[in-house]
Structure formats: C-alpha cells, structure tokens
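What follows is a set of notes on a single structure, which appears directly below.
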Amino acid sequence: MNDEIVARIRWTLHEGFGAVSLRHLIDKFGSARAALSADRKKLPPPARRARETGETTRPLPEVLAIARRIGALATGYKLPGFPARLNHLHHPPPLLFLRGDPSLLSAPAVAVVGSRKASEYGRGMARSMGEGLARAGVAVVSGLALGIDGAAHRGALSAGGDTIAVLGCGPDRAHPPSHRRLFGDILERGLVVSEFLPGEAPLPHHFPRRNRLIAGLSRAVVVVEAAIRSGALITVDHALEIGRDVFAVPGTVGRPRSEGANALIRDGAGLVTNADDVLLGTGLAGACPDARSPDRTPAGLDARQRALWDALEADPDHIDLLARRARMDIATAAATLSVMEVHGWVRRASGLRFARSPT
C-alpha cells in the first residue's frame, strides 16, 4: 500500500466520486497523490466538490486495516503490476486488489460464465470445460457465482490447474456465502481479483462492472448456459467491444435457461462442446497434449463397467433404466456404479440417478 494507492483509496471513499472521475483525475495530474495537493481551481468539478466537502462513506484507516489483515496486494490503472490486457477496456479500473497468485494475470486465460440457476447438464459442462482448459495450462476466469461460475472454478481446481475469481464485492468477502470454502480454495491455489474496496458489500450495480473485468482478463469468453437476460450476456457484450472471442455451448431447445447461449450461436458465436473446441478456436491448442475430451471412454473398464458406461449419458438417468440398458440386475448395477464413481468415471445425482462424468 504505497502513497499512490492510499491516495486513490482516499479519493474513492469520497461520497459520489467514482472510478471514472478518479481515472480522469489521474490522467490530468499524473497521479491521485498529486491531485490531493493541486490548486482547487484546476480540479475538475467532481474532485473539487469531493475535496471541499470531505464527506466519505467510510474512514480510511478502516479500509487500510482490512487490506492489511487479508494481505491484499494493490495495483491499478497506470501502476506497476497492472495487467496490460485490462488496458483494452474503455474504463480500466484505477484500483485493483489481488489475493493469491498475481502471476496468473499474465497466464493465458479463458472465461467460463453462465446461469446461476444452472441445470445438471450445465454444471457438468462447466466443470468439464474448467477441467479441460486447466489441464491445457489455461487459467479459468469466472465470477464465483452459483451455478456455472462455481462449477467452472471447481473443475479447474480439481484438475490441479489455475483459476481466477473476479468479485463483485471487496476482496475480503466470499459471495455468495455458500461459496466460502470454494473462495478459500481459490485463495490457496488461484487468484482473487476485485476493483472494490476491502469491506465493500456485493451491491447489484457492482456485477456489470465485475463482468467487464472477466472479459478483459480473458482471451475468450465461453457461455455454457444462459437465459436471454442473463448477466453472462453482459460479459459477452464487453468481450465483443474489446475484440475477444465468444463461444457458447448449445443447450436444449425450448428451455429458457438455454435461450441466451443458443441465440449467441445463431448470431455467430463459436459452437463448442468441450475444452478442446475452445483451445482450437482460440489458437491455444497443443499446450497440453494429454488434455482429454469429456466423452472419451475411460481406460481400464471391465465388462460390467463398459456395459454401464455405454448405458450412461451426459444427463442423469435412474439406476433402474441403466440396469435394463446394461442387462444386469439392480444390485450388480449399484455396486458397479459405486466403483465407477470412486474412479471419477461416473457422477451421482439425486434420486439414485447417474451420468457420465464430464471428465
């Protein structure tokens, strides 16, 4: 937390003084610190009012104390350590707080985004996408939200790869609270990024701003499952504005949560069904020769396991149906599926239903 970062935080805490005003101030005076002592007549009106009233939303020492407690690194527009790819944005953030491994900001990265109310199919595809990209040495960027975001982060972590969570709140907060454990895993093995001050709540208007950072940090954006009005499409808009590639996973026709992704494909987005498609479409293919397609038959299946594998599909089916397809009794099917689940070949859904694991 050098003097320039502290000055930027001080300006941000002024009531009604936003990121755009701060960036203009930095451009005009060279730094936020210089603007603190500049002739008031030379200050733009928003900065003049902020300095004259002195009204702040929170005390500066409170914000600095939280930043120190969580060990956050800080950078920002025109400062060392600021990721060059964010300069492509129309509004690069004047402050950026980092927790975890900042070297991931220079790694090849792809965003995987979509619906919070995702289906089992959508979550499975997002996890598969995250795993495949991570195995290929690509960092998976998403927003830590429920549904598709969380599945993509978990997929990358399960593959032992890298993931970046971009928050719509301060860097000290796990949002939603149900993702507190995932948040902790990303802090240990990935990177958390936020342009919001430590201690800042997850307010609704923060998330469109968060989405532009997701697009900016990524080589491409993959939409796995999204309705027509999904916030994921805001990320797509930002991606298109700055020349990023956009891909979408096709969904079931007629389902509202698939309409946004299907519309993207209709309008020219690349159709992808696995990580290999994305790697080829972005030119990142070949980074990891053993990256697997999610539909490849696992090696080492015995006869019973192979019969059940052939009976399984991407969407979960009840064990009764699977046993009939595989021509075996329920008890044998249950025991075999349990072994396959331990190996990671099968995923279990509610109500004694099973599906092929996306990996």
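For the sequence shown, counting from 1, position 70 maps to 337 in my numbering; every step adds exactly one.
Just so you know, even glycine gets a beta-carbon here, dropped at the ideal spot from N, CA and C.
Asked: Measure the alpha-carbon distance for R448 versus S304 and round it to whole angstroms.; Found: 44 angstroms
Asked: Identify, in the order they occur along the chain, each residue of the same chain with its Cβ nearer than 7 angstroms to the Cβ of P361, setting aside the five sequence neighbours on each side.; Found: R275, A286, L289, R290, I293, G343, Y344
Asked: Which same chain residues end up closer than 6 angstroms to A412 when comparing Cβ atoms and leaving out the 5 residues on each side of it in sequence?; Found: R383
Asked: For P444, count neighbouring C-beta atoms within 10 Å of its own C-beta (all shown protein chains included) and say buried if the count is 16 or more, exposed if not.; Found: exposed
Asked: Any idea which residues DSSP pairs D584 with across the strands?; Found: F621
Asked: Can you give, in chain order, each stretch of the alpha helix (DSSP H) that sits fully within the stretch 418-473 and has at least 4 residues?; Found: 447-456
Asked: Helix, strand or coil for A406, going by three-state DSSP, please let me know.; Found: strand
Asked: May I have the straight-line CA-CA distance separating R300 from L310, to the nearest angstrom?; Found: 13 angstroms
Asked: Which partner residues does R615 have in the DSSP bridge list?; Found: F621
Asked: Taking DSSP as the reference, what is the three-state secondary structure of H214?; Found: As displayed, the chain neither begins before 268 nor continues past 626, which places residue 214 out of reach and without an answer.
Asked: The beta strand (DSSP E) with A598 in it runs from where to where?; Found: No beta strand (DSSP E) holds A598; the alpha helix (DSSP H) holding it covers 597-609.
Asked: Using CA atoms only, rank isn't needed, just tell me which of A317, R573, G348 is closest to W278.; Found: A317
Asked: Span of the alpha helix (DSSP H) holding R275?; Found: 270-279
Asked: Quick one: residues in its chain with C-beta nearer than 7 angstroms to the C-beta of D368, no 5 flanking neighbours on either side, listed in chain order?; Found: G457, L458
Asked: For S512, collect the residues of the same chain with a Cβ closer than 8 angstroms to its Cβ; drop the 5 residues on either side in sequence, then sort them by chain order.; Found: First, the residue type needs correcting, since residue 512 is Asp and not Ser in the sequence shown. Excluding positions up to five away in sequence, the list reads R486, A487, V488, A506, G537, G548, T549.
Asked: Give the DSSP-derived three-state secondary structure of L547 in the structure shown.; Found: helix
Asked: Write down the C-beta distance between A515 and I532 rounded to the nearest angstrom, noting that I regard them as a contact closer than 8 angstroms.; Found: 5 angstroms
Asked: How many angstroms separate the CA atom of G466 from the CA atom of D452?; Found: 20 angstroms
Asked: With a 10 Å radius around its C-beta and 16 neighbouring C-beta atoms as the bar for buried, classify P438 as buried or exposed.; Found: buried
Asked: Give the DSSP bridge partners of F296, in chain order.; Found: Per DSSP, none; premise fails for F296.
Asked: Identify, in the order they occur along the chain, each residue of the same chain with its Cβ nearer than 8 angstroms to the Cβ of G618, setting aside the five sequence neighbours on each side.; Found: H585
Asked: Are the beta-carbon atoms of A351 and A482 separated by less than 9 angstroms?; Found: no
Asked: Distance cutoff 9 angstroms, beta carbons only. Does S370 sit that close to anything in chain D?; Found: Included in the structure is just one protein chain, with no chain D present.
Asked: Are the CB atoms of L400 and C436 nearer to each other than 9 angstroms?; Found: no
Asked: To test your reading of the DSSP string, which unbroken beta strand (DSSP E) runs of 3 or more residues are found completely within the stretch 483-527?; Found: 487-490, 512-515
Asked: Start and end of the beta strand (DSSP E) containing R573?; Found: Unbroken run through R573 is the alpha helix (DSSP H), 570-578; no beta strand (DSSP E).
Asked: By a C-beta neighbour count over all protein chains shown, 10 Å radius and 16 as the cutoff for buried, is P347 buried or exposed?; Found: exposed
Asked: Could you tell me the boundaries of the beta strand (DSSP E) in which V330 lies?; Found: Per DSSP, V330 belongs to no beta strand (DSSP E); it is in the alpha helix (DSSP H), 327-337.
Asked: Under 6 angstroms Cβ to Cβ from D557, same chain only, skipping five residues before and after it: list those, please.; Found: Its pLDDT being 40, under 50, D557 is placed unreliably by the model, and the measurement read from it follows with that caveat. For D557, where only same-chain residues beyond five positions count, there are no Cβ hits under 6 angstroms.
Asked: Taking the DSSP output, what are the residues bridged to L363?; Found: T342
Asked: Check this for me: beta carbons of L365 and L340, under 9 angstroms apart or not?; Found: yes
Asked: Using the rule of at least 16 other Cβ atoms within 10 Å of the residue's Cβ for burial, across every protein chain shown, is E398 buried or exposed?; Found: buried
Asked: Buried or exposed: which applies to A578, given that a residue is buried once 16 or more other Cβ atoms fall within 10 Å of its Cβ?; Found: buried
Asked: Based on the DSSP output, what are the partners of A538 in its beta bridges?; Found: Note that residue 538 corresponds to Leu in the displayed sequence, not to Ala. BP columns for L538 point to A515.
Asked: Do A426 and P375 have their beta-carbon atoms positioned less than 9 angstroms apart in this structure?; Found: no
Asked: For G283, which three-state DSSP category applies?; Found: coil
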